[in-house]
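*Asks:* Residue numbers for the sequence shown follow full-length UniProt numbering, beginning at 1 and rising by one. Supplied in structure tokens, the structure appears directly below.
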Amino acid sequence: MKVRCYNYKFRVGFTKLEIVLLIALIIVSSVAYYAWFIRQIPSPKPPKEERKTITIVDSAGRYITVPWPVKRIAALTSDSAQVLIALGMKDSIVGITKYAADDPWAPNVTVIGTSFKPNIEAIISTKPDIVITYVRWPKPEALEEKLEPLGIKVIRLNLYKLETLFKEVKLLGLLVNKTERAEELVNYWKGIVDMITSRVKKLKNEKRVRIYFEGYRDYAAAGPGSGWDELIKLAGGINVYADSPVTYPKVSPESVIERNPDVIIKAVSSSKFKPYGATDPSPLKEIRDNIMSRPGWSEIKAVKEGKVYIICADMLHDTFGLVAELAYIAKILYPDLFQDLNPDALHKQFLEELLGVKYAGIWIYPAG
């Protein structure tokens with residue numbers, strides 16, 4: 001019996017090619033496993049934006065803490081909306097009053113009622129960081145008591161009195177992180193006010209012009225503490241009703257005759273005459289003629305000398321427009337003292353450069 005013997009050869013180790021292939025296999029497997037493992041880990045949620053806060057004192061003297069910078073503002077005053085636009089923050093306005101909404105400068109945003117009758121539901125729908133309203137209007141029970149429990153802060157500013165305008169502009173600039181722009185605006189427009197007041201300061205009392213100012217309603221005078229009284233004083237005039245015990249006194253025709261003003265200025269609201277874009281002054285002429293023909297008023301010095309003026313407060317008796325308005329009054333009272341002052345140019349600058357609307361219309365009659 002023959003036995004076959006086979007010569008088996010056993011190999012120890014791997015060839016270079018096999019080693020390379022093995023390493024490649026390990027790498028591919030590791031990468032595949034890592035990719036699978038990573039997919040099993042839940043993606044982290046992006047962290048919530050941590051907004052800073054700032055505490056300010058508003059014109060009602062209240063300490064208020066709000067998110068900073070403020071990004072969404074419901075403007076219950078046209079004045080605050082105008083300042084925000086001048087600061088370059090038009091997009092921050094999320095709500096505006098129904099009266100301001102009709103003005104050519106106004107943004108197309110939610111209408112939130114009026115300064116006197118705010119629409120709380122509309123305000124809430126805009127999701128504002130803050131609401132800006134006047135110091136006196138509306139009452140806290142109509143606004144703060146309804147909004148602040150929802151985390152919506154109310155800031156009270158005026159912006160219609162030169163006495164506090166520039167301080168309030170700086171405060172708004174701080175709230176929206178536009179302090180440099182606010183400083184620039186204040187320096188320029190306050191410089192004009194300072195120029196006017198420095199000139200009239202030299203006038204002796206007997207040389208100062210006496211003014212009867214009449215508001216939107218007949219015989220509604222301007223008493224101490226009113227915005228018009230402030231403008232008259234800054235322009236170097238004497239308000240014939242500065243001694244009134246109330247801010248807006250209702251006076252008699254005979255009382256005006258007795259006080260015999262040198263100049264009469266009457267304000268007209270946009271409900272009577274819309275100045276923007278107007279070309280026909282005849283409605284203003286009619287108002288002026290009616291004043292001059294009031295019984296017994298032909299004996300008043302202002303009427304005798306034709307110094308009766310109609311001012312359209314719309315888009316003029318606001319924010320930096322107040323400076324143009326002051327310039328108009330100063331030039332009416334003292335034309336020789338302000339030959340180099342151009343109120344129309346200031347008003348145009350306010351409308352075109354700050355609010356972005358074309359200067360066109362009639363705001364004072366007769367033209368100064």
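For glycine and all other residues, C-beta sits at the position ideal for the given N, C-alpha and C.
Count the C-beta pairs between the segment 301-311 and the segment 285-292 that are closer than 8 angstroms, then say yes if the count reaches three, no if not.
*Replies:* Touching, yes, given that three or more Cβ pairs across the two stretches are closer than 8 angstroms.
*Asks:* Determine contact between the segment 145-162 and the segment 112-130, defined as no fewer than three beta-carbon pairs at a distance below 8 angstroms.
*Replies:* Yes, they touch.
*Asks:* Going by DSSP in three states, W68 sits in which element: helix, strand or coil?
*Replies:* In this structure, W68 counts as strand in the three-state DSSP scheme.
*Asks:* Hey, which unbroken runs of the alpha helix (DSSP H) at 4 residues or more fall wholly within the segment 161-230?
*Replies:* You should have 162-175, 179-200.
*Asks:* Out of curiosity, what's the CA-to-CA distance linking S271 and P283?
*Replies:* One C-alpha to the other measures close to 12 angstroms.
*Asks:* Would you call the segment 251-265 and the segment 340-356 touching, i.e. three or more CB-CB distances under 8 angstroms?
*Replies:* At 8 angstroms Cβ cutoff, the stretches do not touch.
*Asks:* Determine, using beta-carbon pairs with one atom in the segment 192-211 and one in the segment 169-181, whether at least three such pairs fall under 8 angstroms.
*Replies:* No, the segment 192-211 is not in contact with the segment 169-181.
*Asks:* What are the boundary residues of the alpha helix (DSSP H) that includes A327?
*Replies:* Counting along the chain, the alpha helix (DSSP H) containing A327 begins and ends at 321-333.
*Asks:* Would you please state the rounded distance, in angstroms, between the beta carbons of V94 and T110? I believe it to be under 8 angstroms.
*Replies:* Contact flag correct, Cβ pair sits at about 7 angstroms.
*Asks:* Are the CB atoms of A106 and I96 within a distance shorter than 9 angstroms?
*Replies:* Yes, they are a contact pair.
*Asks:* DSSP three-state label for S255, please.
*Replies:* Helix at S255.
*Asks:* For the 8 angstroms Cβ check, are there 3 or more pairs between the segment 232-241 and the segment 203-213?
*Replies:* Contact between the segment 232-241 and the segment 203-213 is present, because at least three Cβ pairs lie under 8 angstroms.
*Asks:* Going by C-alpha distance, which of K117, A324, W68, V209 is nearest D194?
*Replies:* Taking only the C-alpha atoms, the option nearest D194 is A324.
*Asks:* Pick helix, strand or coil for V135, following the three-state DSSP scheme.
*Replies:* Reduced to three states, the DSSP call for V135 is coil.
*Asks:* Could you give the residue range of the beta strand (DSSP E) that holds K52?
*Replies:* Element bounds for K52: 52-57.
*Asks:* If contacts are defined as beta-carbon pairs under 8 angstroms, then P118 and P138 qualify, I think. What distance do you get, rounded to the angstrom?
*Replies:* Yes, they are in contact, since the Cβ atoms of P118 and P138 sit about 6 angstroms apart, within 8 angstroms.
*Asks:* DSSP state of R62, grouped into three classes?
*Replies:* Reduced to three states, the DSSP call for R62 is coil.
*Asks:* Taking the alpha helix (DSSP H) that L122 belongs to, which residues open and close that run?
*Replies:* Looking at the sequence itself, residue 122 is Ala, so the reference to Leu does not match. Residues 120-125.
*Asks:* Taking just the CA atoms, how far does K301 sit from D243?
*Replies:* When rounded, the distance between both Cα atoms is 20 angstroms.
*Asks:* Relative to the alpha-carbon of R62, which residue among V268, V154, E353 has its alpha-carbon at the smallest distance?
*Replies:* Here the closest residue by C-alpha is V154.
*Asks:* Apply the 10 Å Cβ neighbour rule to R217 and answer buried if 16 or more other Cβ atoms are within range, or exposed otherwise.
*Replies:* Answer is exposed; the Cβ neighbour count stays below 16.
*Asks:* From this set, G225, E230, Q82, N158, which residue's C-alpha is nearest P245's C-alpha?
*Replies:* The candidate whose alpha carbon is nearest that of P245 is G225.
*Asks:* Can you tell which of E214, L351, L157, Q82 has its C-alpha closest to the C-alpha of I64?
*Replies:* Selected option, being the one with the closest Cα: L157.
*Asks:* Note down, in chain order, each residue of its chain lying with its Cβ closer than 6 angstroms to the Cβ of F10, except the 5 sequence neighbours on either side.
*Replies:* Model confidence at F10 stands at a pLDDT of 44, short of 50, so the residue's coordinates are unreliable; what they give is reported in the following sentence. Within the same chain, F10 has no close Cβ partners at all.
*Asks:* Quick one: what does DSSP say R156 is sitting in, helix, strand or coil?
*Replies:* Of the three classes helix, strand and coil, the one that applies to R156 here is strand, per DSSP.
*Asks:* Taking K304 as part of the beta strand (DSSP E), name the residues at either end of that continuous run.
*Replies:* Here K304 belongs to no beta strand (DSSP E); instead the alpha helix (DSSP H) covers 301-304.
*Asks:* Can you tell me which residues form a DSSP beta bridge with K266?
*Replies:* Per DSSP, E214, I310.
*Asks:* According to DSSP, simplified to helix, strand and coil, what is I291?
*Replies:* I291 falls in the helix class under three-state DSSP.
*Asks:* Cα separation between E183 and V169?
*Replies:* Going from the Cα of E183 to the Cα of V169 covers about 8 angstroms.
*Asks:* What residue from Y134, K331, F166 has the CA that sits closest to L76's CA?
*Replies:* Ranking the options by Cα distance to L76, first place goes to Y134.
*Asks:* How is the beta strand (DSSP E) around V94 delimited, first residue to last?
*Replies:* It spans 93-96 - the beta strand (DSSP E) in which V94 sits, taken as one unbroken run.
*Asks:* Cα separation between L336 and L326?
*Replies:* Checking the displayed sequence, the identity of residue 336 turns out to be Asp instead of Leu. If I take the Cα positions, the gap works out to 16 angstroms.
*Asks:* Spatial neighbours of P69 within its chain, please: C-beta separation below 6 angstroms, excluding the five flanking residues on both sides.
*Replies:* V176, N177.
*Asks:* Please name the residue, chosen from I120, A74, L322, that lies closest to N108 on a Cα-to-Cα basis.
*Replies:* Per the Cα distances, A74.
*Asks:* Under a Cβ-count criterion, where at least 16 other Cβ atoms within 10 Å of its own Cβ denotes burial, should T53 be classed as buried or exposed?
*Replies:* Exposed: under 16 other Cβ atoms inside 10 Å.
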